[in-house]
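Residue numbers (the numbering used here): 17 to 587. Even for Gly, the Cβ is constructed at its ideal location relative to N, Cα and C. Keep in mind it's a predicted model, so treat the numbers as computed, not measured. Scroll down for the structure; my scribbles are underneath it.
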Ligand SMILES: [Zn+2]
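Quick look at the structure:
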């Protein structure tokens with residue numbers, strides 16, 4: 017049976033332990049979905065695997081799926097499929113504790129986890145982020161949302177002998193909330209009007225841009241510009257066809273005003289019922305992956321279209337009533353460029369998002385885009401203004417100054433971050449008041465930049481001591497990148513005392529998630545050890561295959577070890 021040694025004792029005993037062959041404390045955790053623990057038999061199988069792998073902590077997802085709980089709660093119903101009278105969390109705690117394995121109750125705080133309104137949002141529709149996107153996230157700026165989630169986590173802690181409570185999705189999603197409450201509270205706090213939704217839904221539109229713009233328009237008509245005059249949206253005619261260019265990574269960050277331009281254009285282009293095809297080139301996929309194509313597919317699907325992916329060799333055979341979409345395809349071989357040009361000349365319609373900057377030396381790409389060159393990389397808050405040349409990009413009455421927009425953006429971000437941080441602070445304070453030894457932890461974004469962009473201030477939580485440790489989700493498949501990320505975390509916590517790397521044990525195999533290559537898992541664990549990490553948390557249980565259990569139980573963790581717990585923090 018594994019034992020937890022108090023941290024100060026662990027430090028004193030460490031030399032003795034090592035000389036006696038006793039293992040140094042280490043977090044050996046795995047994230048487990050509650051849906052895998054619906055019955056005692058399912059839980060038994062999971063616990064047996066965890067035990068064989070010599071893991072010492074299970075982080076069990078107990079609240080998600082549109083407000084379903086896998087524990088007995090007065091606030092939410094029991095999860096679907098749990099037999100009456102069975103309590104998955106109570107059973108898990110009992111079984112794990114018998115084997116010296118910790119159990120942390122894991123909550124998904126931000127994302128609702130169901131595509132439609134059900135438990136929680138059926139009673140409180142105003143608790144969802146209101147941005148018109150249709151995706152459901154909780155609005156942490158509202159005190160009653162924070163109170164509800166805090167009450168739920170504390171209820172779980174009070175009723176169950178768990179070793180910790182664990183935040184996840186403790187951030188905002190890709191969308192902002194513009195509800196009356198947010199706007200009014202913001203105005204009261206900062207003394208000036210909040211960011212109104214019209215700044216996103218009409219031109220001039222505020223947008224955070226990254227991207228690789230084309231420069232020097234020749235035949236292209238610029239319909240909208242960034243604040244410094246860089247073309248943002250352009251239309252080019254070639255032969256019988258038309259080309260619309262969105263001159264940045266618009267698939268990542270598309271304000272509703274721009275989405276409206278795309279919808280208007282596609283509406284005109286598809287009146288004859290022609291299909292929409294997405295494509296990329298093998299060279300581009302090898303160099304930059306498939307992310308932009310998949311994001312663009314989601315974007316178009318949300319607009320009500322059903323784009324299909326085709327290989328680039330099919331462009332030559334596409335009918336002239338078709339629409340072709342090239343999302344962030346920088347590398348285009350000459351033969352494909354010629355096929356694209358012929359397709360457009362025949363009357364085809366082409367939507368380019370983040371243009372072919374690595375192929376602009378090809379005359380065919382210059383003719384297709386109506387631009388002569390590649391411009392400079394963009395990464396900034398910006399404003400897109402209509403040039404008034406086309407009803408596809410209508411001018412509106414409101415005025416927007418870039419500096420005013422930036423000031424509002426920075427205060428808006430501050431306002432958003434505070435909502436998230438207030439929930440963490442409240443849960444930490446209440447949890448420690450109830451059970452001082454319990455660990456309050458969070459799964460967090462894996463870089464300081466991505467955390468900031470999601471309004472998640474985990475470095476602040478560590479500094480102000482409102483979290484015991486954080487687990488950045490470092491799911492990259494590149495060990496060098498993992499090493500760079502850990503080096504960045506050390507700027508916040510030099511000895512990784514309160515930062516435990518979360519590693520992925522899955523990978524994508526032709527669209528299907530499978531157990532990650534064991535050699536890669538070995539290399540990544542080695543990177544963590546070399547950097548001095550106090551353990552790992554693996555995502556997730558369902559990819560813990562028998563061969564991987566064997567690697568963990570015999571190679572990584574041949575002997576059992578006490579769970580790593582960071583030193584107690586002074587309040
Ligand atoms: Zn709101």
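Expressed to the nearest angstrom, what Euclidean distance is found between the alpha-carbon atoms of residue 189 and residue 433?
Approximately 12 Å between the Cα atoms of the pair.
Quick check: is any heavy atom of ligand 3 less than 7 Å from the C-beta of residue 541?
Ligands in the displayed structure: ligand 1; ligand 3 is not one of them.
Whole-angstrom distance between residue 84 and residue 324, CA atom to CA atom:
When rounded, the distance between both Cα atoms is 35 Å.
I need the DSSP call for residue 107, collapsed to helix, strand or coil.
Note: residue 107 maps to helix in three-state DSSP.
Residues in the same chain with beta-carbon distance under 6 Å from residue 649, minus the five sequence neighbours each way, listed in chain order, please.
Residue 649 lies beyond the stretch modelled for the chain, which goes from 17 to 587, so this question has no answer here.
Quick check on the burial criterion: 16 or more other C-beta atoms within 10 angstroms. Buried or exposed for residue 161?
Burial state of residue 161 is buried, judged by a 10 Å Cβ sphere holding 16 or more other Cβ atoms.
Less than 8 Å between the beta carbons of residue 548 and residue 511, yes or no?
Going by C-beta atoms, residue 548 is nearer than 8 Å to residue 511.
Using only the heavy atoms of ligand 1, determine whether one of them is closer than 7 Å to the beta carbon of residue 158.
Yes - ligand 1 has a heavy atom lying nearer than 7 Å to the Cβ of residue 158.
Inter-stretch contact at 8 Å, needing at least 3 Cβ pairs: the stretch 195-207 / the stretch 471-479
Segments in contact, no.
How would you call residue 506, buried or exposed, if buried means at least 16 neighbouring beta carbons within 10 angstroms?
By the beta-carbon neighbour count (other beta carbons within 10 angstroms, threshold 16), residue 506 is exposed.
State the Cα-Cα distance for the pair residue 355 and residue 46, rounded to the nearest angstrom.
Going by the C-alpha atoms only, they are around 50 Å apart.
Taking the alpha helix (DSSP H) that residue 317 falls in, what are its first and last residues?
DSSP places residue 317 inside the alpha helix (DSSP H), whose first and last residues are 307-318.
Simplified DSSP state of residue 333, which is helix, strand or coil
Judged by DSSP in its simplified three-state form, residue 333 adopts helix.
Only counting the same chain, and skipping five residues up and downstream in sequence, which positions put a Cβ closer than 8 Å to that of residue 167?
Only 91 meet the Cβ criterion.
Can you find the residues in the same chain that come closer than 8 Å, C-beta to C-beta, to residue 241, ignoring five residues on each side of it along the sequence?
Excluding residues up to 5 positions away in sequence, 247, 248, 400, 401, 403 lie with their Cβ nearer than 8 Å to the Cβ of residue 241 in the same chain.
Just to check, is the beta-carbon of residue 155 closer than 7 Å to a non-hydrogen atom of ligand 1?
Checking every heavy atom of ligand 1 against the Cβ of residue 155, one is found closer than 7 Å.
Return helix, strand or coil for residue 559, following the three-state DSSP convention.
In this structure, residue 559 counts as helix in the three-state DSSP scheme.
Same chain only: Cβ atoms within 6 Å of residue 206, ignoring 5 sequence neighbours per side
Answer for residue 206: 427, listed in chain order.
Taking 8 Å as the limit between beta carbons, can you name the residues of its chain near residue 319, skipping five residues before and five after?
Result list for residue 319: 275, 278, 279, 282, in chain order.
How many angstroms separate the CA atom of residue 94 from the CA atom of residue 132?
For residue 94 and residue 132, the distance between alpha carbons rounds to 18 Å.
For residue 375, three-class secondary structure by DSSP:
Shown here, residue 375 sits in a helix according to DSSP, grouped into three states.
Excluding five sequence neighbours on each side, which residues of the same chain lie with their C-beta closer than 6 Å to the C-beta of residue 170?
By the criterion of a C-beta distance shorter than 6 Å, residue 170 is surrounded in its chain by 446, once the five residues flanking it on both sides are discounted.
Run through DSSP, which three-state label would residue 435 get?
Three-state result, residue 435: helix.
Residue 525 (DSSP reduced to helix, strand or coil):
Of the three classes helix, strand and coil, the one that applies to residue 525 here is strand, per DSSP.
Cutoff 6 Å; reference residue 177; Cβ partners in own chain excluding five residues on either side:
Its chain contains 109 as the residues whose beta carbon lies nearer than 6 Å to that of residue 177, once the 5 sequence neighbours on both sides are disregarded; these appear in chain order.
Using 7 Å as the cut-off, classify the Cβ of residue 146 as near or not near the heavy atoms of ligand 1, replying yes or no.
Residue 146 Cβ: within cutoff of ligand 1.
Candidates 516, 517, 535: which alpha carbon is nearest residue 523's?
Residue 523 has its Cα closest to that of 535, out of 516, 517, 535.
Among the residues of its own chain, which have a CB less than 8 Å from the CB of residue 451, if the five just before and after it don't count?
If the five residues before and after residue 451 are omitted, its C-beta is found closer than 8 Å to the C-beta atoms of 173, all from its own chain and listed in chain order.
Confirm, please, whether the CB-CB distance from residue 69 to residue 553 is below 8 Å.
In this structure, residue 69 does not lie closer than 8 Å to residue 553 by Cβ.
I'd like the span of the beta strand (DSSP E) that includes residue 252, first residue to last.
247-254 is the span of the beta strand (DSSP E), which, as asked, contains residue 252.
State buried or exposed for residue 351, treating a residue as buried only when at least 16 other CB atoms are found within 10 Å of its CB.
The residue in question, residue 351, is exposed, as its Cβ has fewer than 16 Cβ neighbours within 10 Å.
Using 10 angstroms around the beta-carbon of residue 414, count the other beta-carbons present and answer buried if the total reaches 16, otherwise exposed.
Counting the other CB atoms within 10 Å of its CB gives residue 414 a total below 16, which places it among the exposed residues.
Cutoff 6 Å; reference residue 302; Cβ partners in own chain excluding five residues on either side:
Sequence-distant partners of residue 302 (beyond 5 residues in either direction) whose C-beta falls short of 6 Å from its own C-beta are missing from its chain.
Compare the C-alpha of residue 349 against each of 375, 238, 157 and name the closest.
With distances taken between Cα atoms, residue 349 lies closest to 375.
Nearest to residue 408 by alpha carbon, out of 237, 574, 526, 328?
Relative to the Cα of residue 408, the nearest Cα in the group 237, 574, 526, 328 belongs to 237.
Quick check on residue 186: does DSSP put it in helix, strand or coil?
If DSSP states are grouped into helix, strand and coil, residue 186 belongs with coil.
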